[in-house]
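This report refers to the structure that appears directly beneath it.
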Amino acid sequence: MTEEKKRKSSVRKRADEIKGDRCKNLIAVIEDPSDIRNIGTVIRNVNALGVEKVYVIDPRSALPDDWQEMRRTKALNQTSVSAIKWSFVKRFGSTEDCIAHLEKNRFVSIVTSPHVKGRNNGVLDEIDFTEWYKLAVWFGNESRGISDTAIANSILCISIPMFGMIESFNLATTSGIVLYEVTKQRREYQRKYRKRNKRVPVDDA
Ligand SMILES: C[S@@+](CC[C@H](N)C(=O)[O-])C[C@H]1O[C@@H](n2cnc3c(N)ncnc32)[C@H](O)[C@@H]1O
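Right under this line is the structure:
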């Protein structure tokens, strides 16, 4: 086997190994990011933590519409360290379009903000993220934060407590911290559920 073939087969093997640990029905939404490099770093986190998909609200058309084309975008490839090749990314032209798509597919939205926003607020590690079967977790713009439209269409706003002089984390850090907690909980739940389902025929026998 040539070196290239060996490399491809080990990449394929790894992709098969991690398939079962990917968090099903979990989407990270990045709302109107100003800097394409931040999209890449969030995609990197999404891939590393096993989030199923990324939706990007991109009113300035910084991204191509098609995922295959995105995979060839140099800036995304570099900042995501090629994670874009392995994580499905969908682009929307507006927050409203993204909300309509999520609602049509029965996803529940949760937004993130360093500030108290909307009617229901919670602290990251006090929330049970397995409560919703289909979940979209939103991250806001680098300077403006999350939009009023996204807040109005979400059931909860979560924050990571801040103890310093600065107001907020950056997008990469926030998505890493928030998605770590969300995927940890949902993966544990998925594993338990899978085991229980596997046991049923054995117990019944
Ligand atoms: C740089 S922050 C935006 C700061 C902006 N001035 C604001 O009011 O939200 C970019 C995004 O990161 C997330 N974020 C940053 N710090 C956070 C925190 N402490 N808790 C929850 N989300 C946070 C939010 O999604 C926010 O929209």
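Under the working numbering, the sequence shown has 106 at position 119, and the numbering climbs by one with no breaks.
C-beta atoms are modelled at their ideal positions from N, C-alpha and C, and glycine is treated no differently.
Remember, predicted model here, so these are calculated numbers, not experimental data.
Endpoints, the beta strand (DSSP E) within which residue i is located
{"i": "residue 39", "result": "38 to 44"}
{"i": "residue 11", "result": "10 to 18"}
Contacts around residue i, its chain only, beta-carbon distance under 8 Å, and the 5 residues preceding and following it disregarded
{"i": "residue 167", "result": "36"}
{"i": "residue 161", "result": "99, 126, 147, 155"}
{"i": "residue 129", "result": "20, 21, 22, 25, 157, 158"}
{"i": "residue 184", "result": "none"}
Cutoff 7 Å; reference residue i; Cβ partners in own chain excluding five residues on either side
{"i": "residue 140", "result": "86, 96"}
{"i": "residue 12", "result": "39, 120, 121, 122"}
{"i": "residue 4", "result": "none"}
Sequence-distant residues of the same chain with beta carbon closer than 6 Å to residue i, five excluded per side
{"i": "residue 73", "result": "34"}
{"i": "residue 30", "result": "41, 67, 70, 71, 74"}
{"i": "residue 23", "result": "49, 62"}
8 Å contact criterion, which residue i and residue j should meet: CB distance rounded
{"i": "residue 94", "j": "residue 122", "result": "7 Å"}
{"i": "residue 43", "j": "residue 78", "result": "5 Å"}
{"i": "residue 81", "j": "residue 46", "result": "6 Å"}
{"i": "residue 169", "j": "residue 103", "result": "The Cβ separation is near 20 Å, so there is no contact."}
{"i": "residue 138", "j": "residue 105", "result": "4 Å"}
{"i": "residue 172", "j": "residue 136", "result": "So it is not a contact: roughly 27 Å between Cβ atoms."}
{"i": "residue 32", "j": "residue 132", "result": "In fact, because the Cβ distance is near 19 Å, the residues do not count as touching under 8 Å."}
Residue range of the alpha helix (DSSP H) that includes residue i
{"i": "residue -4", "result": "-10 to 5"}
{"i": "residue 54", "result": "54 to 57"}
{"i": "residue 61", "result": "61 to 66"}
Coarse secondary structure for residue i, derived from DSSP in three states
{"i": "residue 176", "result": "helix"}
{"i": "residue 190", "result": "Residue placement at residue 190 is poorly supported in this model, since its pLDDT is 40, which falls under 50; the coordinates still yield a value, given next. In the structure shown, residue 190 sits in a helix (DSSP, three-state: H, G or I)."}
Would you list, in sequence order, the uninterrupted alpha helix (DSSP H) runs of no fewer than 4 residues that lie entirely inside the region 77 to 156? 82 to 91, 135 to 139
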